[in-house]
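For reference, the structure discussed in these notes is given below.
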Amino acid sequence: MGLPQEYKLSIRTADQTRRAELALSPQQTGAEIIQSAVDHWALPTDADYTLVNVTQGRAVKPNETLDEAGANAGDVLEVQPVLVAGGGARGVI
Amino acid sequence: MNRDRYLRQQGVEGLDVDRLRAMRVAVVGAGAIGNEVVKNLVLMGVGAVDVHDFDRVEIHNLTRSVFLRESDVGAGKARAVVDRASAIDPNVHLRAVEGDAWRTLRLADVERLDVVICAVDNVEARMRLSQLAMLAGVDLVNAGIDSRYASVEVFPHGSADPHACFECHLPESAYRKVAERYSCGWLRRSMLAEDKVATTAITASVAGALAVQAALRVGGEVGPGARRTLFDTRTGACTVVSLGRNASCPGCAPLSPRPRRVAAGGDWRRALALHAADADAVLLSDPLIFDYACTGCGTTPHAAGYVGRRADEFDDRIMRCAACGQLAARVDIRSEAAVDDLLQLYGDALPPAKYMLAKVGEPGAVCIDLEE
């Protein structure tokens, strides 16, 4: 049995102010999906983002395809910020 | 010690007060999250807490840092936090370590810890702490905030089971931003404005609570493997996801299998001969300057001041030749070196790095600890 031609998935930002229903290729990677979301929703480019599959409770690696990540039709993906501030004045180290 | 202090904790299912008393934790970063983490660790009665920070207290820290006061402005953060936290519970052994944690945290010391809690302020520092925790085989709890979210990641490096590291899910954009801080690969840019991320006491306190829960595992293990919790402080929404291992991760792939740490004992050549005699190259924890020359005038007036030292001691201003004034210096900086080149440069002297890795990726991989 071959790969499905596309997955119908929901994608949203962490604050859930932006949402979309999409048909995505199983070969699309986490990084590609994040880049599309940043471009389409004009998300701040000074932040870094990571992709999680909320339905399955697992993060999608940047170089991992939806197929490799075990995504299923109907899953909800969320674009989350990568938080690296600790609330100090400057960096430590 | 009056054990009545811990009376209300003794009834908590899965909370062993004696286990907490025996724990030793390092908190790296005494900023907003670090303050909250230390507060919670001390209130919980953890046995020993080391607080690492090189920074000094600034007035704007006071809106998010529970232990800091106006009278502390200008003082070392770690010292100020430890002094005030000590008053909460004198049974907790608190220690302030002031300085760059990459320099003050020796691998041998990390190995003796139960957990490292990372509350630093940038991605590069997080990568470095991740490396130390992986090499030492000690669990790492990584906490970060902005003005809305709190994120806490748990990396069980004390476990022998395969698991993700901090870098396994890091996007390419994060590496680009780190690279932008450097010129010619390893020399820090001298004229770079650091971004300031807006944060609040609210996100810091949530991150501090989640981080300490993850570190102490009150109530028992949540489950195997690495995981991330992202908490939205505005809505209360929270997601918990597992973090799978990335086989091509630049952070942990070179450390798989985990290199066995051996002490250099002041003689790196002997340690290498004993434990990795057939290695002809090593990876260095710190990029080192192997050569320096001006391609403009051909002189090497300051080579002696640079060659053999760590690249992080300098910034890109050394690219300008002191003799001819041209921006034409060629600086040979390496993080991987042939053993013969190391011998030529250092002879019997210890290279100024934390450690060197030999036979990386092989079953006999070793980490030669140059600080022990």
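Chains A and B, in that order, give the protein sequences. When you line the first sequence up against the numbering used here, it's residues 1 to 93, in that order. When you line the second sequence up against the numbering used here, it's residues 1001 to 1372, in that order. Just so it is clear, CB atoms sit at the ideal spot from N, CA and C, and this is done for glycine as well.
For residue i, the three-state DSSP class (helix, strand or coil)
i	result
E1336(B)	strand
A89(A)	Bear in mind that the predicted position of A89(A) carries a pLDDT of just 46, short of 50, making it unreliable; the figure below should be weighed with that in mind. DSSP places A89(A) in coil when its eight states are reduced to three.
A1328(B)	coil
H1060(B)	helix
R1217(B)	coil
P1254(B)	helix
T1203(B)	helix
D1050(B)	strand
R1115(B)	A small correction: the amino acid at residue 1115(B) is Val; Arg does not occupy that position in the sequence shown. It is a strand residue.
V1017(B)	helix
V1222(B)	coil
Contacts around residue i, its chain only, beta-carbon distance under 6 Å, and the 5 residues preceding and following it disregarded
i	result
W1102(B)	R1128
Q1344(B)	none
R1260(B)	V1366
G91(A)	No answer about G91(A) holds up, because its pLDDT of 45 lies below 50 and its placement is not dependable.
L83(A)	none
Beta-carbon proximity of residue i to residue j, cut-off 7 Å
i	j	result
L22(A)	I34(A)	no
V1178(B)	T1229(B)	no
T1199(B)	A20(A)	no
G1296(B)	C1324(B)	yes
G30(A)	V76(A)	no
L1040(B)	V1212(B)	The sequence as given places Asn at residue 1040(B); Leu does not occur at that position. It is a contact, given that the beta carbons lie within the stated cut-off.
C1321(B)	A1311(B)	no
A1338(B)	A1281(B)	yes
V1051(B)	A1030(B)	yes
V1025(B)	V1049(B)	yes
V1042(B)	A1085(B)	yes
Segment limits, alpha helix (DSSP H) that includes residue i
i	result
N1035(B)	A1032 to M1044
D1083(B)	K1077 to A1085
R1176(B)	E1172 to E1180
S1242(B)	Counting along the chain, S1242(B) falls outside any alpha helix (DSSP H), though it belongs to the beta strand (DSSP E) covering C1238 to L1243.
S36(A)	G30 to W41
T1104(B)	A1101 to T1104
E1070(B)	Note, E1070(B): premise wrong, no alpha helix (DSSP H); not H, not E.
L1094(B)	Looking at the DSSP string, L1094(B) is not in any alpha helix (DSSP H); the run it does join, the beta strand (DSSP E), is H1093 to E1098.
N- and C-terminal bounds of the beta strand (DSSP E) containing residue i
i	result
M1356(B)	Y1355 to A1358
G1144(B)	D1139 to I1145
A59(A)	R58 to V60
Spatial neighbours of residue i in its chain, beta-carbon cut-off 7 Å, leaving aside the 5 residues before and after
i	result
T1203(B)	I1145, D1146, S1147, R1148, Y1149, A1150 and T1233
C1165(B)	S1130, M1134, F1155, C1249, G1251 and C1252
R1126(B)	C1118, V1120, N1142 and F1166
Chain-order list of residues whose beta-carbon lies under 8 Å from that of residue i (same chain, five-residue window excluded)
i	result
P1254(B)	L1283, L1357, V1360 and G1361
E1111(B)	A1136, G1137, V1138 and R1261
E1070(B)	I1059 and L1062
Q1326(B)	C1294, G1296, C1297 and R1320
N1035(B)	R1064, S1065, V1066, F1067, L1068, V1081, A1204 and G1208
E64(A)	T29 and G30
A89(A)	Annotation note: pLDDT 46 at A89(A) (below 50); position unreliable, coordinate value reported separately. Closer than 8 Å at Cβ, skipping near neighbours: no residue.
DSSP bridge partner residues for residue i (one or two, in chain order)
i	result
P81(A)	Y49(A)
E1153(B)	N1142(B) and R1228(B)
K1196(B)	Answer is none; K1196(B) lacks a bridge partner.
V1342(B)	According to the sequence as given, residue 1342(B) is Leu; it is not Val. DSSP lists no partner for L1342(B).
R12(A)	R19(A) and E78(A)
Y1292(B)	V1331(B)
Any non-hydrogen atom of the ligand GTP closer than 6 Å to residue i Cβ
i	result
C1249(B)	Although the ligand GTP was asked about, the structure shown includes no ligands whatsoever.
Closer than 7 Å to chain D by CB, residue i
i	result
V76(A)	Judged by its chain identifiers, the structure shown contains no chain D, and its protein chains are A and B.
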